[in-house]
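Residue 1 is where the sequence shown starts when you use full-length UniProt numbering, and the numbers rise one by one after that. Here a beta-carbon is modelled for each residue, glycine too, at the ideal position from N, C-alpha and C. Everything on this sheet refers to the single structure shown next.
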Amino acid sequence: MSHEAFRLTELKKKLPYKIESIATVRNLFFLGTNDGKLIVYEVPLQDYDAQCVYVHSSKHKQPIRMIIPIVEEEILLLVVGDVISVHRLNPMTSAQLDCLPEDRLPELNTVKGAKDIVALHLKRQRGTFYMAVLQRKKITVYAYRQQLKEFVIVNDGLLLPDGAKTLLWVGKNLMIGFRREYVLMQVSNGVTDCLYPTGKSGTPLLLSLDPVPEVLVGEETTGVRALHDGSRVPGKNGMPWSSIPTNAAYIHPFLLTIHSGGNCIEVRLPFFTDNAKAADPELWQSISLKYADRISQRPFADFDASLPKETTPPDALRRDITIVVNSSNTVYLLELVPIREQVLALASVDCVEAGLLLCQLCANEVDQATAGSLKTQYALWSFNTKKDFKTAMLRFRDANVDPLLVISLFPGLLTQRAQAEWHPPQTHIHPLDATELAQHMPNALAAFLDYAVPLRREYATVETETLAEAIDTAILKAYVIIGDEPQLLSFLAEGNACALTESEVFLAEREQWVALVTLWYSHGQHHKSLALLQALGTTGERISLKSLLSTSSSSVGLSFDAAFSRILQPLLVRTLGESGSMLVAPREGGKTGFIPQTLMAQLLAEVAVDVEPSQQTYLLRRCVGVVVTILYMRLLSWKERESMPLVEQYSPWILANVSPRWSVRMLAAADLQPKDYAAVLRIIGSDMSDIGVTQPYERVVEWFSFVFADTCNLSTDASLHDAYFQSLVQFVLSPSCAAAATAEEEQRTATGRQRLEQFLRSSHHIDLTRVQAVLEQPEVRGEMYAERAIIYYRLMRHEEAIRMFLYEAQHLRAAQDYATRVGRDGQDGFQILLHLLLSPGDGCTGPRLSDALTIVNTCDEVNPFTALPMLPADTPLAPIAGFVKRSLRDASVRSRNAAIHASVLEARIRQAELKLARERALQVVLDLGSSCVVCGKKLRPDVVFARFPNDVVVHQACMEDEHICPVTYKDFRLGIEPVARGAF
């Protein structure tokens, strides 16, 4: 890559000094010589004519090895031989040359304990400056105390083996370079961890890359980026070079290196590792300079600084100039080309990835318009060239690009209205070829949905109607194309701004019937939805939207023959559940989604295994029509006036052809109220024999059993209760139930009788007299013994019930159970039973003495005082001997228990009387010195006082609770309350 990042300007040629060290502060640069002199130059940036403004001679008379200015503390550190001296850093300009001579860099003090200095490094962390000094076999850590204007030792016990050549602060720890390896040391305890080898040259290189929290580690042929914990940066982290640099500097965000034998300064962007070019050894820039020797370094690592933001001042990282010195002591000014200028230059040669990286690293030096334009170009490049669709969408979102531009990248997704009103920017209209995009369409659309779905909420306003419509329509089409129907239905179930006409045509062309119905439902197009579903369910043909509403909705096409019913039955069970409860999760706002068409296709393939593949689509259309109609009807609100006409128009074809077990569930909406039951009953109870085979009473029974359940008395309309009763009777007496040829029909009959009996027991609004008349009809009474018994019981006509069991049903055991049930209510049912057995009355057989004796001997509930007088006078004693003995034994037991209870009661009365006498005999003896234990005042005879069982005596006024001692707080009550007090 050929790119100009820096410009080199000559300042001073062949200075007559042997330069040992260099440093810069703002527009000043410092030169340290081998004879202990510090020369200060000022560089006016207008004419680039460096002028010497001060020369300082160190009193230590040794080479100045390092110059470290700290402007924040107004001090300057000089490493002179093995001495670290601290000087005050005063402002210096060429104007001061006319003043009297003075010491402008006075020495404040020297750092104590520093000898055999190999290297040192400073950092700023949490506002404090720390200095680590590498000596021959140890490291000493200093902290700068501003009040004292000196560095004090904070850790002098970090021992090292010999051979360390450099060190660098990495956060709270130190990274140390030896001849053979790099080591990470924990400053808190001196523990070291080996990291990686140095290389064959044995020359370590460590360079801080702050404000990026990384460090550059030099290896033989590669510069490696590492984190502060010593681990390498994930991914591509290496920068190849010919040899390890002899000098390196980091000028954010560029790395500058000088290599042995080279006549140039190599410039790299160490963070540019996102594509294949990053591994290429080609440099960003090679600055030609013969015998380049050293580059001025930043004075310390600033861990309080972070990457620049848009609000950061532009010069936050550009306050100090940078100089380069070659081996002939010529000084050059190295100027950074403005970042914005570099970004524009990179964008002009289609290096948008590199330009965007510069924008991110130097956000404060690029205006928002330029950054936004570059982000857009980068996103388009990622989409069209790199095929990295996820990154492209992230960049589109980051740059706040017009969503219409993003949608236009996908052929066919932009709405017709948006195409007519929107004018795309000319600089960005280079869409990807449709054929090429088709190969990557699933990934591209998945990334687009991740971008568009969160974005749509930001444009849900009237002012952005066109944009919101375009976004929602594009989302709909994207879901359809990638085949994610569950997410599509979830999206359509919410409020959306899809272009209705365009979307419905798109869905109909791809036969996404469930999605189309969901779209219409969200827009209140109920008539169109139900008409489409009826056409699908009754014809099985592909429906044209133009002819949809012109077709008569009352006409029914294909019949629900046995073959289709056999396929439909298990499909309804799988989709709606065994009991008819809808297997659809409720959504926000109380609305329910529809079952995906793909799920129904899977279930149909499992059910219709013997159906030809060519017929699968036909059957799927019919099944979609049936299942979705049932779900759709449940979603209609009965509070809206137009719901009833829709139900009357579009429910008959389902009610007449689908088993009532599922069909009537569509008329059980969540907001259905008892006041609406009569209207529903009128619909399901109507005659539909001309369009189907189900019977009205079947539909009525299934619907009432579903809505009534165990709460039939919520409806107080007696006509509804009567209708349910009449339908249950018809259902139980129907020919199919009477025959009950199969186990399923037997179960169906048993369920019907169970529902009838439960309803007769629980209904409070049914006319019992009328029910009795119906059940006693000649053609009914022989089939309804249990039901008649329930009515007789509720009417308190126990004799008729028992007579029915004895002489109509010929079922003595049932009569006995009925008498037992009556006995639980406090009446003597067995007296009635024995009376009817021994005195049957006219039209019956003679007395049934043997059955009466059996009842007497086997039933414990028989009362001997009423049963024995009923028996004939000539009844032998032997058959009733057991009954008499048992009765006498029971009477003796009852008498004995009564005597025991009376004795226990008498004993408790005597105990209470004795306790009362003892309480009354209690005395309290007071002398003249007796006083209240609470207030301490004396107890006088005219003052009411209280004595507790533990002999504590207090004034009544000083007593908070008459049961609790005020001294020991013991509760003298017996029972649960004292226990509860102690527990809680």
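Item to check | Three-pair Cβ contact test at 8 Å for the segment 7–15 versus the segment 321–335 | outcome: Short answer: they touch.
Next on the checklist: I need the DSSP call for D193, collapsed to helix, strand or coil.
Outcome noted: For the purposes of this step, residue 193 is taken as residue 193 along the sequence shown, with counting starting at 1. In this structure, D193 counts as strand in the three-state DSSP scheme.
Checklist entry - Which stretch, first to last residue, makes up the beta strand (DSSP E) that contains I595? => result As a first step, residue 595 must be located in the sequence shown, where it is residue number 595. No beta strand (DSSP E) holds I595; DSSP gives it neither H nor E.
Item to check | I595 versus R699: straight-line alpha-carbon distance, rounded | outcome: Start at 1 with the first residue of the sequence shown, and residue 595 comes out as number 595. Start at 1 with the first residue of the sequence shown, and residue 699 comes out as number 699. Separation of I595 and R699 (C-alpha to C-alpha, rounded to the nearest whole angstrom) is 24 Å.
Checklist entry - Ends of the alpha helix (DSSP H) at residue 1010? => result Since the first residue of the chain shown is 1 and the last is 984, residue 1010 is not available in this structure.
Item to check | Contacting residues, own chain, Cβ-Cβ under 6 Å from N155 (five flanking each side not counted) | outcome: In the sequence shown, counting from the first residue as 1, residue 155 sits at position 155. V141.
Next on the checklist: Per the DSSP calculation, F30 is bridged to which residue(s)?
Outcome noted: Along the sequence shown, one-based indexing puts residue 30 at 30. F30 is bridged to A23, V40.
Checklist entry - V40: buried (16+ other C-beta within 10 angstroms of its C-beta) or exposed? => result Residue 40 sits at position 40 when you count from the first residue of the sequence shown. Its Cβ being crowded by 16 or more others within 10 Å, V40 is buried.
Item to check | Straight-line gap, H440 to P234 (C-alpha atoms, nearest Å) | outcome: Your numbering for residue 440 matches position 440 in the sequence shown. Your numbering for residue 234 matches position 234 in the sequence shown. Cα-Cα distance, rounded: 28 Å.
Next on the checklist: Which residue wins for smallest C-alpha separation from L256, given the options S288, T273, L227, S231?
Outcome noted: Position 256 of the sequence shown, counted from the start, is the residue given in the question as residue 256. When S288, T273, L227, S231 are compared, the shortest CA-CA separation from L256 is found for S288.
Next on the checklist: Taking DSSP's pairing of strands, which residues face S727 in a bridge?
Outcome noted: On the sequence shown, residue 727 is found 727 positions in, with the first residue counted as 1. Paired residue(s): none; S727 is not in a bridge.
Next on the checklist: Considering just the uninterrupted stretch of the beta strand (DSSP E) at Q810, what are its terminal residues?
Outcome noted: The residue given as residue 810 occupies position 810 in the sequence shown. Note, Q810: premise wrong, no beta strand (DSSP E); not H, not E.
Next on the checklist: Extract the residue ranges of the alpha helix (DSSP H) inside the segment 678–711, only unbroken runs of 4 or more that lie entirely within it.
Outcome noted: If you keep only unbroken alpha helix (DSSP H) runs of at least 4 residues inside the segment 678–711, you get 696–708.
Item to check | As assigned by DSSP and simplified to three states, the class of G235 | outcome: In the sequence shown, the residue the question calls residue 235 occupies position 235. The three-state secondary structure of G235, taken from DSSP, is coil.
Checklist entry - What residues are listed by DSSP as bridge partners for A143? => result Taking the first residue of the sequence shown as 1, we reach residue 143 at position 143. In DSSP, A143 forms a bridge with Y130, V152.
Next on the checklist: Within 10 Å of its beta-carbon, does F271 have 16 or more other beta-carbons around it, so buried, or fewer, so exposed?
Outcome noted: In the sequence shown, counting from the first residue as 1, residue 271 sits at position 271. With 16 or more other Cβ atoms within 10 Å, it is buried.
Checklist entry - So what does R124 bridge to, in DSSP terms? => result Stepping through the sequence shown from its first residue, residue 124 is reached at position 124. Looking at the DSSP assignment, R124 forms a beta bridge with F129, D302.
Checklist entry - Counting along the chain, where does the beta strand (DSSP E) carrying Y182 start and finish? => result If you number the sequence shown from 1, residue 182 lands on position 182. In the DSSP assignment, Y182 falls within the unbroken beta strand (DSSP E) covering 181–185.
Item to check | Beta-ladder partner(s) of F254, from DSSP | outcome: Within the sequence shown, the letter at position 254 stands for residue 254. Bridge partners of F254: I251.
Checklist entry - Straight-line CA distance for I766 to W653? => result One-based indexing of the sequence shown puts residue 766 at position 766. One-based indexing of the sequence shown puts residue 653 at position 653. When rounded, the distance between both Cα atoms is 32 Å.
Checklist entry - If L167 and H228 are in contact, beta carbons under 8 Å, what's the gap, nearest whole angstrom? => result Position 167 of the sequence shown, counting from 1, holds the residue named residue 167. Position 228 of the sequence shown, counting from 1, holds the residue named residue 228. Between H228 and L167 the Cβ distance is about 14 Å, and since that is not below 8 Å, they are no contact.
Item to check | Host beta strand (DSSP E) of Q51 (start-end) | outcome: The residue you call residue 51 lines up with position 51 of the sequence shown. Where Q51 is concerned, the enclosing beta strand (DSSP E) starts and stops at 51–57.
Checklist entry - When DSSP labels each residue in this structure, what does I176 get in the three-state scheme? => result Taking the first residue of the sequence shown as position 1, residue 176 is located at position 176. It is a strand residue.
Checklist entry - Which full runs of the alpha helix (DSSP H) of 4+ residues lie inside the segment 481–537, going along the chain? => result Qualifying alpha helix (DSSP H) stretches, in chain order: 485–493, 500–509, 513–522.
Checklist entry - Which residue's Cα is closest to the Cα of R722: C859, L404, L681, V217? => result As a working mapping, residue 722 is identified with position 722 in the sequence shown. Contrary to the premise, residue 722 reads as Asp rather than Arg in this sequence. Shortest Cα-Cα distance from D722 to any of C859, L404, L681, V217 involves L681.
Checklist entry - Using DSSP with H/G/I as helix, E/B as strand and the rest coil, what is A279? => result As a working mapping, residue 279 is identified with position 279 in the sequence shown. Confidence in A279 is poor, its pLDDT being 40 and thus under 50, which makes the residue's placement too unreliable to answer from.
Next on the checklist: Can you list, in chain order, the residues of its chain with a C-beta nearer than 7 Å to that of C623? Leave out the 5 residues immediately preceding and following it.
Outcome noted: Numbered from its first residue, the sequence shown carries residue 623 at position 623. Only L568, L571, M600, L604 meet the Cβ criterion.
Next on the checklist: For S581 and V729, what's the separation of their Cα atoms in angstroms?
Outcome noted: Working through the sequence shown from its first residue, we reach residue 581 at position 581. Working through the sequence shown from its first residue, we reach residue 729 at position 729. Confidence in S581 is poor, its pLDDT being 44 and thus under 50, which makes the residue's placement too unreliable to answer from.
Item to check | Buried or exposed (CB count within 10 angstroms, at least 16 for buried), P660 | outcome: Against the sequence shown, residue 660 aligns to sequence position 660. Classification for P660: buried.
Checklist entry - Whose C-beta lies closer than 8 Å to the C-beta of A504 among residues of the same chain, with five residues either side of it excluded? => result The count along the sequence shown starts at 1 and reaches residue 504 at position 504. A quick correction: the sequence has Glu, not Ala, at residue 504. Counting only Cβ-Cβ distances below 8 Å, and skipping sequence neighbours, we find L516, L519, W520, L545.
Checklist entry - Applying the criterion that 16 or more other CB atoms from any shown protein chain within 10 Å of the CB defines a buried residue, is G929 buried or exposed? => result Along the sequence shown, one-based indexing puts residue 929 at 929. Counting Cβ neighbours within 10 Å, G929 comes out exposed, since fewer than 16 surround it.
Item to check | For E214 and I244, the rounded distance between their alpha carbons | outcome: Counting from one through the sequence shown, the residue named residue 244 turns up at place 244. Counting from one through the sequence shown, the residue named residue 214 turns up at place 214. When rounded, the distance between both Cα atoms is 19 Å.
Checklist entry - Is H423 buried or exposed, if buried means 16 or more other CB atoms sit within 10 Å of its CB? => result Within the sequence shown, residue 423 is the residue found at index 423, counting from 1. Within a 10 Å sphere around the beta-carbon of H423 sit fewer than 16 other beta-carbons, which makes this residue exposed.
Item to check | Reference Y291, options G81, A446, G826, S260, closest by Cα | outcome: Position 291 of the sequence shown, counting from 1, holds the residue named residue 291. For the residues G81, A446, G826, S260, the minimum Cα distance to Y291 belongs to S260.
Checklist entry - Taking the alpha-carbon positions, what's the Q62 to K200 distance? => result Start at 1 with the first residue of the sequence shown, and residue 62 comes out as number 62. Start at 1 with the first residue of the sequence shown, and residue 200 comes out as number 200. Rounded to the nearest angstrom, the two C-alpha atoms are 33 Å apart.
Next on the checklist: Could you tell me the alpha carbon to alpha carbon distance between residue 986 and T246, rounded to whole angstroms?
Outcome noted: In the structure displayed, the chain extends from 1 to 984; residue 986 sits before or after that span and is not available.
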